[in-house]
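> Chains A and B, in that order, are what the protein sequence lines are. At position 25 of the first sequence (counting the first as 1) the number is 104 in my numbering, and the numbers step up by one without a gap. At position 30 of the second sequence (counting the first as 1) the number is 32 in my numbering, and the numbers step up by one without a gap.
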Amino acid sequence: MSKMKALVCRECGKEYPPKAIHVCEMCFGPLEVKYNYDEIKSTISRKKIEQGPNSMWRYIDLLPVESTAIIGPHAGLTPLVRAKNLGAHLGIDELYIKNDTVNHPTLSFKDRVVSVALTRARELGFETVACASTGNLANSVAAHAAAAGMKCYVFIPADLEAAKVLGNLIYKPNVVEVEGNYDDVNRLCSEIAGEHGWAFVNINIRPYYAEGSKTLAFETVEQLGWRTPDQAVIPMASGSLLTKIWKGLHEMQALGLVDQVRTKINGAQAEGCSPIATAFKAGRDFFKPVKPKTIAKSLAIGNPADGYYALKATAESKGAMDAVTDEEVVEGIKLLAQTEGIFAETAGGVTIGVLCKLVKQGLIKKNDVTVAYITGNGLKTQEAVVDAVGRPFRIQPSLVNFQKTFKMGKNGGGES
Amino acid sequence: MTSLRFHIRFPENKIKEPIIYQIGHEYKVVTNVRRADVRETTGWMDLELTGETEEIERAIDGIRTKGCVVDPIELNVVE
Chain A
80 MSKMKALVCR ECGKEYPPKA IHVCEMCFGP LEVKYNYDEI KSTISRKKIE
130 QGPNSMWRYI DLLPVESTAI IGPHAGLTPL VRAKNLGAHL GIDELYIKND
180 TVNHPTLSFK DRVVSVALTR ARELGFETVA CASTGNLANS VAAHAAAAGM
230 KCYVFIPADL EAAKVLGNLI YKPNVVEVEG NYDDVNRLCS EIAGEHGWAF
280 VNINIRPYYA EGSKTLAFET VEQLGWRTPD QAVIPMASGS LLTKIWKGLH
330 EMQALGLVDQ VRTKINGAQA EGCSPIATAF KAGRDFFKPV KPKTIAKSLA
380 IGNPADGYYA LKATAESKGA MDAVTDEEVV EGIKLLAQTE GIFAETAGGV
430 TIGVLCKLVK QGLIKKNDVT VAYITGNGLK TQEAVVDAVG RPFRIQPSLV
480 NFQKTFKMGK NGGGES
Chain B
3 MTSLRFHIRF PENKIKEPII YQIGHEYKVV TNVRRADVRE TTGWMDLELT
53 GETEEIERAI DGIRTKGCVV DPIELNVVE
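This is how it looks when you write it as structure tokens:
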């Protein structure tokens with residue numbers, strides 16, 4: 080019996096064979112993977128996981144693939160950094176950074192989901208993969224497709240910054256610039272996915288793709304010594320990452336790998352695009368779509384597909400949500416870099432900014448074991464901090480000039 | 003014949019209007035509501051439209067003209 084039981088509708092519960100479909104034919108609700116947990120339970124163990132590969136694929140028993148011919152075998156198992164300096168700054172005894180700024184190969188958490196999506200897509204017989212993206216997702220799909228020798232189409236808005244286009248072109252996918260605004264690109268991609276026999280990773284392959292995010296939960300638990308954290312702070316774009324971390328924690332509990340999950344799941348958004356956090360704070364169980372206006376572009380999804388489910392997971396966990404201004408995003412990026420030496424992209428600034436707020440509000444307490452998820456590398460969004468990091472010291476090429484600049488005596492010592 | 007799926011949102015001032023009924027009369031499309039949540043101040047529905055592709059496009063423009071917001075069933079897919 081396969082570990083994958085079916086695809087199941089998250090709304091009406093109708094089940095489908097695990098093929099390349101993503102919407103329930105009955106009620107149009109989204110589909111997700113349902114597993115044979117009894118069978119998985121009979122084979123999985125902490126020891127087996129610990130003896131697995133040094134990547135997220137050590138959790139293959141809980142990922143929706145059937146073969147071991149993995150695309151992206153090095154993704155995941157990124158460091159869980161004990162953030163003593165940032166913890167001391169915030170007054171938290173045990174703070175950790177789950178550092179996906181160093182994920183392989185394209186330096187964002189998207190390598191996890193894309194690795195699963197392309198592996199499953201090839202199993203299902205697809206030769207062409209595609210995505211619609213303005214950044215990290217496109218990078219990851221293009222890189223993985225190149226390594227796997229699969230044909231690749233990346234759809235982007237025609238006005239995307241040159242640097243981001245270059246980051247895709249280097250892998251030589253078919254980059255398609257669509258004239259029109261975000262909504263036009265969005266609609267076109269949905270229609271192309273419906274018409275062509277391609278694996279659109281975040282459309283018809285989405286049920287499998289999204290499961291890759293669970294590995295962030297699995298790794299956190301293992302790296303904490305098979306403990307679940309008390310608090311998790313997670314950035315939200317579509318809301319999928321947050322819901323899958325919640326699902327991953329509960330899978331570990333169901334399989335007896337951890338005790339009762341008591342983790343409070345906290346969602347982080349930028350104020351310029353905070354439909355989910357705004358709904359949560361207003362006590363609503365539905366969100367109102369917005370037009371994004373924030374420097375945190377990797378989180379700029381105004382009509383998030385998993386927004387409703389993120390609200391539900393956060394409420395179930397008794398967690399919270401909050402949003403930060405663009406200024407607070409930049410301060411968050413700087414704070415993480417200057418305390419822990421980790422340069423995060425703008426989404427990381429959102430996470431740190433919201434972490435600071437939740438601590439200040441007393442929602443995260445001194446003794447809470449807390450994990451903040453940093454999902455992308457700062458080298459990708461340098462424009463966000465270019466005016467906020469100061470300038471280098473400029474000196475003449477002489478020792479005297481150097482010592483004068485830093486107010487040093489002849490034998491060193493002194494500070495600028 | 004093509005069938006396309008959409009997520010339609012209604013602003014508060016359009017909640018009481020029979021927009022889907024009107025669309026079925028004004029355009030050569032079959033309207034099929036699969037899921038909906040209509041409240042006092044807001045509402046949405048997941049709708050399937052069946053017909054010739056060009057006529058579906060016209061119907062979508064018609065729904066937009068009536069003040070509703072039309073998205074793909076997947077909502078935002080550009081990540």
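We put the CB at the ideal spot given by N, CA and C, even for glycine.
For Ile62 (chain B), which residues in the same chain have their Cβ closer than 6 Å to its Cβ, ignoring the five residues on either side in sequence?
Sequence index remark: in the second sequence, residue 62 (chain B) carries index 60 (1-based). If we look at Ile62 (chain B) and ignore the five residues flanking it on each side, its Cβ neighbours are Val72.
> For Val160 (chain A), write down the residues that DSSP places opposite it in a beta bridge.
In the first sequence, the residue the question calls residue 160 (chain A) occupies position 81. Answer by DSSP bridge pairing, in chain order: A:Ile176.
> Figure out for me which residue from B:Lys68, B:Leu77, B:Asn78 has the closest Cα to the Cα of Gln24 (chain B).
The residue labelled residue 24 (chain B) in the question sits at position 22 within the second sequence. The shortest Cα separation from Gln24 (chain B) among B:Lys68, B:Leu77, B:Asn78 belongs to B:Lys68.
> Alpha carbon to alpha carbon, how far is Asn260 (chain A) from Arg473 (chain A)?
As a first step, residue 260 (chain A) must be located in the first sequence, where it is residue number 181. As a first step, residue 473 (chain A) must be located in the first sequence, where it is residue number 394. Here the alpha carbons of Arg473 (chain A) and Asn260 (chain A) stand approximately 43 Å from one another.
> Using only the alpha-carbon positions, how far apart do Leu434 (chain A) and Glu240 (chain A) sit?
Looking up residue 434 (chain A) in the first sequence gives position 355. Looking up residue 240 (chain A) in the first sequence gives position 161. About 30 Å.
> Give the residues of chain B in contact with Arg266 (chain A), contact being defined as C-beta atoms less than 7 Å apart.
Within the first sequence, residue 266 (chain A) is the residue found at index 187, counting from 1. Per Cβ cutoff of 7 Å: Pro74.
> List, in order along the chain, the chain A residues whose C-beta lies closer than 7 Å to that of Val79 (chain B)?
Here residue 79 (chain B) corresponds to residue number 77 of the second sequence, with the count starting at 1. In chain order: Ala211, Asn265, Cys268, Ser269, Asn281, Ile282.
> Round the Cβ separation of Ala200 (chain A) and Val208 (chain A) to the nearest angstrom and send it over; I've been treating them as touching at under 8 Å.
By 1-based counting over the first sequence, the position of residue 200 (chain A) is 121. By 1-based counting over the first sequence, the position of residue 208 (chain A) is 129. About 6 Å separates the two Cβ atoms, so the contact holds.
> What are the residues that DSSP puts in a beta bridge with Gly53 (chain B)?
Locating residue 53 (chain B) in the second sequence gives position 51, counting from the first residue. DSSP lists B:Thr4 as partners of Gly53 (chain B).
> Below 7 Å between beta carbons: does that hold for Ala349 (chain A) and Val312 (chain A)?
Within the first sequence, residue 349 (chain A) is the residue found at index 270, counting from 1. Within the first sequence, residue 312 (chain A) is the residue found at index 233, counting from 1. Result no, Cβ atoms of Ala349 (chain A) and Val312 (chain A) do not sit closer than 7 Å.
> In terms of alpha-carbon separation, which member of A:Lys486, A:Ala394, A:Lys367, A:Gly166 lies closest to Lys444 (chain A)?
In the first sequence, counting from the first residue as 1, residue 444 (chain A) sits at position 365. Closest by alpha carbon: A:Gly166.
> Excluding the 5 residues preceding and the 5 following Ser495 (chain A) in the sequence, name in chain order all residues of the same chain whose CB lies nearer than 8 Å to its CB.
Within the first sequence, the letter at position 416 stands for residue 495 (chain A). In this prediction, Ser495 (chain A) scores a pLDDT of 46, lower than 50, which makes its location untrustworthy; the coordinate-derived value is nonetheless stated afterwards. If we look at Ser495 (chain A) and ignore the five residues flanking it on each side, its Cβ neighbours are Phe472, Thr484, Phe485, Lys486.
> Helix, strand or coil for Ser219 (chain A)? Go by DSSP, reduced to three states.
One-based indexing of the first sequence puts residue 219 (chain A) at position 140. Here Ser219 (chain A) sits in helix by DSSP.
> Quick check: is the beta carbon of Leu86 (chain A) nearer than 7 Å to any beta carbon in chain B?
On the first sequence, position 7 is the one that residue 86 (chain A) refers to. Not flagged as an interface residue toward chain B: Leu86 (chain A), since no C-beta distance is shorter than 7 Å.
> Could one say the Cβ of Cys231 (chain A) lies closer than 7 Å to chain B's Cβ atoms, at least one of them?
Translated into the one-based positions of the first sequence, residue 231 (chain A) becomes position 152. Chain B contact via Cβ: absent.
> For Leu86 (chain A), list the residues DSSP reports as bridge partners.
Your numbering for residue 86 (chain A) matches position 7 in the first sequence. Looking at the DSSP assignment, Leu86 (chain A) forms a beta bridge with A:Tyr95, A:Val112.
> Would you check if the stretch 394-414 of chain A and the stretch 146-158 of chain A touch, i.e. whether three or more CB-CB distances between them fall below 8 Å?
no
> Under three-state DSSP, which class holds Pro354 (chain A)?
The residue you call residue 354 (chain A) lines up with position 275 of the first sequence. Looking at Pro354 (chain A) - three-state DSSP - the assignment turns out to be helix.
> Looking at chain A, is there any beta carbon in it that lies within less than 7 Å of the beta carbon of Thr60 (chain B)?
The sequence position of residue 60 (chain B) within the second sequence is 58, counting from 1. Before going further, note that residue 60 (chain B) is Arg rather than Thr in the sequence given. No, its Cβ sits nowhere closer than 7 Å to a Cβ of chain A.
> What residue range does the alpha helix (DSSP H) around Asn480 (chain A) cover?
To locate residue 480 (chain A), count along the first sequence from 1; it is residue 401. Note, Asn480 (chain A): alpha helix (DSSP H), 478-484.
> Residues in its own chain within less than 6 Å of Gly246 (chain A) by CB, not counting five upstream and five downstream?
The residue you call residue 246 (chain A) lines up with position 167 of the first sequence. Taken in chain order, the residues that qualify are Asn218.
> Using a C-beta to C-beta distance shorter than 7 Å, which residues of chain B count as neighbours of Asn382 (chain A)?
Against the first sequence, residue 382 (chain A) aligns to sequence position 303. The contacting residues are Asp73, Leu77, Asn78.
> With DSSP as the reference, label Gly432 (chain A) as helix, strand or coil.
By one-based count along the first sequence, residue 432 (chain A) stands at place 353. Helix at Gly432 (chain A).
> Which residues mark the beginning and the end of the beta strand (DSSP E) in which Ile453 (chain A) is found?
Position 374 of the first sequence, counting from 1, holds the residue named residue 453 (chain A). Bounds of the beta strand (DSSP E) holding Ile453 (chain A) are 449-453.
> So, Pro143 (chain A) versus Met229 (chain A), is the Cβ gap smaller than 7 Å?
Along the first sequence, read from residue 1 onward, the residue named residue 143 (chain A) stands at position 64. Along the first sequence, read from residue 1 onward, the residue named residue 229 (chain A) stands at position 150. Result no, Cβ atoms of Pro143 (chain A) and Met229 (chain A) do not sit closer than 7 Å.
> Give the C-beta separation of Leu390 (chain A) and Ala358 (chain A) to the nearest angstrom, bearing in mind that I take them to be a contact with Cβ-Cβ under 8 Å.
Taking the first residue of the first sequence as position 1, residue 390 (chain A) is located at position 311. Taking the first residue of the first sequence as position 1, residue 358 (chain A) is located at position 279. Contact flag correct, Cβ pair sits at about 6 Å.
> What's the call for Thr342 (chain A), buried or exposed, on a 16-neighbour Cβ count within 10 Å?
Locating residue 342 (chain A) in the first sequence gives position 263, counting from the first residue. The residue in question, Thr342 (chain A), is buried, as its Cβ has 16 or more Cβ neighbours within 10 Å.
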